[in-house]
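When we follow numbering that gives the first Met the number 0, the leftmost residue of the first sequence carries the number 0, and every step to the right adds one. No residue lacks a Cβ here, since even glycine has one placed at the ideal position from N, Cα and C.
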Amino acid sequence: MTRKYDFKTIESRWQDHWTALRLFSAGRRPHLPKFYALVMFPYPSGTLHVGHGRNYIIGDALARYKMMKGFDVLTPMGWDAFGLPAENAAIEAARREGQAIHPRDYTLGNVRVMKTQIGAWGVGYDWEREIASCHPGYYKWTQWLFLKLLENKLAYKKQAPVNWCPGCQTVLANEQVEEDGTCDRCSTAVVPKNLEQWYFRITRYAERLLDDLDKLEDWPERVLTMQEAWIGRSEGAEIVFRVTGTEETLKVFTTRADTLFGVTFVVVAPEHPIVAKLAARLPEGDRTRVSDFVSRCRAQKSIQRTAAGDKEGVSLGATVTHPLSGEQVALWTADYALMDFGTGAVMGVPAHDQRDFLFARKYGFPVKIVIQPQGAPLDAATMDRAFEEGGVQVRSGEFDALPNDFGRSKITAALAAKDAGGPVVTFRLRDWLISRQRYWGAPIPIVNCPNCGAVPVPEEDLPVLLPHAADFRPRGQSPLAAVTEWVNTRCPRCEDPARRETDTMDTFVDSAWYFLRYISPRSTDRIYDTEQVNHWLPVDQYIGGAEHATKHLIYSRFITKFLYDIEFADFEEPFAKLFAQGLICADAHKCPEHGWVPAAEVAEGRHSCGQTVMTELHKMSKSKRNGVGPEELIAEYGADTVRLYTLFIGPPERDAIWNTKDIIGAHRFLYRVWETVQEALPRLSPPGAGTAEGLPEEIRAVRRKVHQTIRKVTEEIEGGFKFNTAVAAVMEMVNELKRVTAWEAGGGALREACETLVLLLAPFVPHMAEELWEHLGHTGTIFERPWPAFDPAVAAEEEIEVPVQVNGKVRSRVRVPAGATDEEVRAAAMRDGKVQEALAGRVPLKVIVVPRRMVNFVIPGP
RNA sequence: GCGAGGGUGGCGGAACCGGCAGACGCGCGGGUCUUAGAAGCCCGUUCCGAAAGGAGUGCGGGUUCGACUCCCGCCCCUCGCACCA
């Protein structure tokens, strides 16, 4: 009597078993080398769909594989639990039902649901280390980090124009503003606003963040390039121009100091402080013209930058003195000069910079050529675009005739000698704005005192607790400002009445260090146990979405480097390897009347309201309503099937298309595996009996396949998590196994095949693997069994099939012993009937034998 | 515009240090079992062709005995960056 594949019973049984066993508790097998497998912790947004599942399943398969490979695995999970959506949900509920859900309740409710979902997938974590960034025990240390940064002059406050979102009623970081100048959450047009804000001085780490990218060999190339571009190092020169007739000097930044003699004007950003100073000296009409222009730019800037479009500017009615030639050139302000890059001032070289060229043509500045290319020389009168390539210096005084690369360093040196500038490196990376005028975040641990200014809350007074009761409707300042009993406090320094800082921190601060907290999740007297952190970190494998390339991943690297600097860590990079998995897409349906509608409401291209829907492929998301829930699928096919399909769907680093109907394939396969093992059970040799000598070819062939499959699956996992092809390899093996007709004498080989099959599948379909492993007569969990090893001698082919080409076309195939010499292979090919026919008596001009691969006869004529 | 990745059957995808294109799965067709259906199981399934054979990896060229794979020139899709001086 064989047992049925009752996945429901099996799955709940083993999930309970793993919990009882504490299978995922790190440090359970401390004699083994450590492996820290980390999946990015999620924002608890509600319910998970199968797209989220991919992340967890990949991580879980890896963790289980590593256990079998003999590692003490740490695989923790937690919640990035602060953030706007919880607050928005509270506000939304208040508006709809007249009763607000507290962000904490909303968040914790979501956590409960998601935790259950993760468990149902059979994904295991060391839940004893669970953390939530909104827990006071956690954010105490986020605040501590803030104080440490402040202490090291890496946190500071400044009044600055910020991106203000009228929809969310808060400032946004540069990264949260979309290209078109809208908020990345609510798509409202962002407006500039002047506010006093807290920043982290990440720019001080720019050079190291860039240089150390070289150490991250196992990061995807695209993420490295994105970070490189984001940090944006550019080497150039600062050049000082005197503003004629004033004491003012003006610094410009350029990467093309070689073109200095081609300057025919200088422009500054509209926000540049010199604009107001010079405008004040202008006659009324001109002054208004300048201030109108400036305010227009300010408004326009964050709404829509005229990317590479029409450039506008206005004269500041002043000239500046060329530092080397002494020439006078006009000083203007223009919208294409950016205040937050370089010095906010640009030297205009129309002949050699396309933007300057367009500007000059528009406003009539001369074009002065100072670099001439080899061959056809340029003519200022007729050129229709700037010449930006290399050449030879001309009309550049003593630098004439130098190649411009050389001229560049010579001119820079000459400036330095005259104290009028010198070499300088600038970065595109900006300091990190961390203030948020919202409730649901970690309070910034600062007290603003009328006498002492901004005073840090003493470490022993942490955490600064977020008051529970608050009206979180945004009103342009943090909701905390209205909680008077919380805001009003005493200055820690002078004890006079003072007010707390009412802004909270950007949630990216919370997530910039969570991977360290897992090591000592309940530590109350220090951020973590340094010794333990140095044992477990860096993370051996980090898994998550590539969308975090320039935010979370840079911030985490920055914080880690800072902790290294203050001797809280002996490593500088937190994540040794990074795997960026692709997203799952599915059809999304848009009804002209109801917008995005779930697939369940769509039949035959029509929404339930009768309207024809538009269907297109999108990443699974709440907003597109195309997320597929795991529950029904798990109920129908089991978690193992859903896991297997998810892994099989395609190359994990690429986006994939979810097709629920394809799941049946994974299910059928598992069913076959089950049946195969059940049917084999009565014929098996006892465990550990080994395989007999002198087996028939049919059995030897199966053993060969088994060992080849071990090799293949291992290589596919190790070489980049290619679970899709690893699963395919196991499917092939099962297909072959099913073909065997006579197992007599093969009891040992059959046991080897079944055990290998179950072991190889264990990381992918852990419940079934555990169950079958037990049926095969074993006790204890399969995840403490070693991963199978392959025997190259068994895996080696005895006989191979070699295709035979005549003039590059395959005409036949011959079977030869694996060790056959080229000559033997050639002879065998020559004897083949079909080859004879194709040769038709002609003598080959040439015979190419590629060992084990191919024979090609080259014959003359058609 | 710049950078990265990609384009292979009806579909998802394999193979790519140059050597059997289409592994594996879905779907589809046929068969078997069944009172019937579903699920299984077996066979087939790139296209054209009755077959022999021919064509075929986005398009056009090239190198080679041999090209999905390498080189040159294009087209299209996805993502990232984009007035960064």
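- The alpha helix (DSSP H) spanning residue 192 covers which residue range? Careful: residue 192 lies outside any alpha helix (DSSP H), inside the beta strand (DSSP E) at 190-199.
- Query: Under the three-state reduction of DSSP, which class applies to residue 759: helix, strand or coil?
  - Reply: helix
- Item | Cα-Cα separation between residue 836 and residue 629, rounded to whole angstroms | 59 Å
- Taking only the alpha-carbon atoms, compute the straight-line gap between residue 410 and residue 336 and give it to the nearest angstrom. 23 Å
- Task: Would you mind stating whether residue 721 and residue 650 have Cβ atoms separated by less than 8 Å?
- Result: Here residue 721 is near residue 650, since their CB atoms are less than 8 Å apart.
- For my contact list, residue 511 and residue 558 are in at a C-beta cut-off of 8 Å; report their separation, rounded to the angstrom. 4 Å
- Task: Enumerate, from N- to C-terminal direction, the unbroken beta strand (DSSP E) stretches of 3 or more residues contained entirely within the region 568-629.
- Result: Complete beta strand (DSSP E) runs here, min 3: 577-580, 583-590, 594-596 and 613-618.
- Task: Could you spell out where the beta strand (DSSP E) holding residue 868 opens and where it closes?
- Result: Since the first and last residues shown for the chain are 0 and 861, residue 868 lies out of range.
- Backbone CA spacing between residue 861 and residue 844 [nearest angstrom]: Here the model assigns residue 861 a pLDDT of 49, short of 50, so the residue's position is not dependable and the matter cannot be decided.
- Query: Is the Cβ-Cβ distance between residue 540 and residue 53 less than 8 Å?
  - Reply: no
- Item | CA-to-CA distance, residue 425 to residue 210, given in whole angstroms | 14 Å
- Query: What do you get for residue 645, buried or exposed, if any count of 16 or more other CB atoms within 10 angstroms of its CB means buried?
  - Reply: buried
- Evaluate residue 467 with the Cβ neighbour count: other Cβ atoms within 10 Å of its Cβ, from every protein chain shown; 16 or more gives buried, anything less gives exposed. exposed
- How about residue 347 and residue 359: are their beta carbons less than 8 Å apart? yes
- Message: Using only the alpha-carbon positions, how far apart do residue 152 and residue 387 sit?
- Response: 41 Å
- Message: Considering just the uninterrupted stretch of the beta strand (DSSP E) at residue 433, what are its terminal residues?
- Response: Premise fails: residue 433 is in no beta strand (DSSP E) and is neither H nor E.
- Task: At 3 residues or longer, and completely inside the region 25-87: list those beta strand (DSSP E) runs for me, N to C.
- Result: 33-38 and 71-73
- Under a Cβ-count criterion, where at least 16 other Cβ atoms within 10 Å of its own Cβ denotes burial, should residue 130 be classed as buried or exposed? It counts as buried.
- Near residue 3, what residues of its chain come up, given a Cβ to Cβ distance below 8 Å and the 5 sequence neighbours on each side ignored? none
- Query: Per DSSP, residue 454 forms a beta bridge with which residues?
  - Reply: 446
- Where does residue 862 fall in DSSP's three states? The first residue shown for the chain is 0 and the last is 861, placing residue 862 beyond what the model contains.
- Message: Just to confirm the assignment, what range does the alpha helix (DSSP H) spanning residue 151 have?
- Response: That residue, residue 151, is in no alpha helix (DSSP H); it is neither H nor E in DSSP.
- Cβ of residue 550 within 8 Å of Cβ of residue 207? no
- Task: Take residue 428 and list the residues in its own chain whose beta-carbon comes closer than 6 Å to its own, dropping the five residues that flank it on each side.
- Result: Cβ neighbours of residue 428 beyond the five flanking positions: 202, 205 and 230.
- Query: DSSP puts residue 719 in a beta bridge; with which residues?
  - Reply: None, per the DSSP bridge assignment.
- Hey, residue 142 and residue 432: beta-carbon distance below 8 Å or not? Cβ atoms of residue 142 and residue 432: not closer than 8 Å.
- Query: Should the region 631-642 be called in touch with the region 585-598, which here means at least 3 C-beta pairs below 8 Å?
  - Reply: no
- Query: Hey, how far is the Cα of residue 322 from the Cα of residue 619?
  - Reply: 58 Å
- Task: Just grab the DSSP bridge partners of residue 499 for me.
- Result: 446
- Which residue spans inside the region 385-420 form an unbroken alpha helix (DSSP H) run of at least 4? Scanning the region 385-420 for uninterrupted alpha helix (DSSP H) segments of 4 residues or longer gives 403-416, listed from N- to C-terminal end.
- Query: Run through DSSP, which three-state label would residue 327 get?
  - Reply: strand
- Own chain partners of residue 302 with C-beta closer than 8 Å, once the 5 adjacent residues on each side are dropped: Note that residue 302 has pLDDT 47, beneath the 50 cutoff, so the model's placement of it is unreliable and the number below is only indicative. 180, 188, 189 and 190, listed in sequence order.
- Item | Beta-carbon proximity list for residue 265, same chain, < 8 Å, skipping 5 on both sides | Answer for residue 265: 240, 249, 251, 319, 328, 329, 330, 331, 344, 345, 346 and 347, listed in chain order.
- Message: So for residue 291, helix, strand or coil by DSSP?
- Response: helix
- Output yes or no for whether 8 Å exceeds the beta carbon distance between residue 124 and residue 23. Taking 8 Å as the Cβ cut-off, residue 124 and residue 23 qualify as a contacting pair.
- Could you give the distance in angstroms between the alpha-carbon of residue 652 and the alpha-carbon of residue 725? 15 Å
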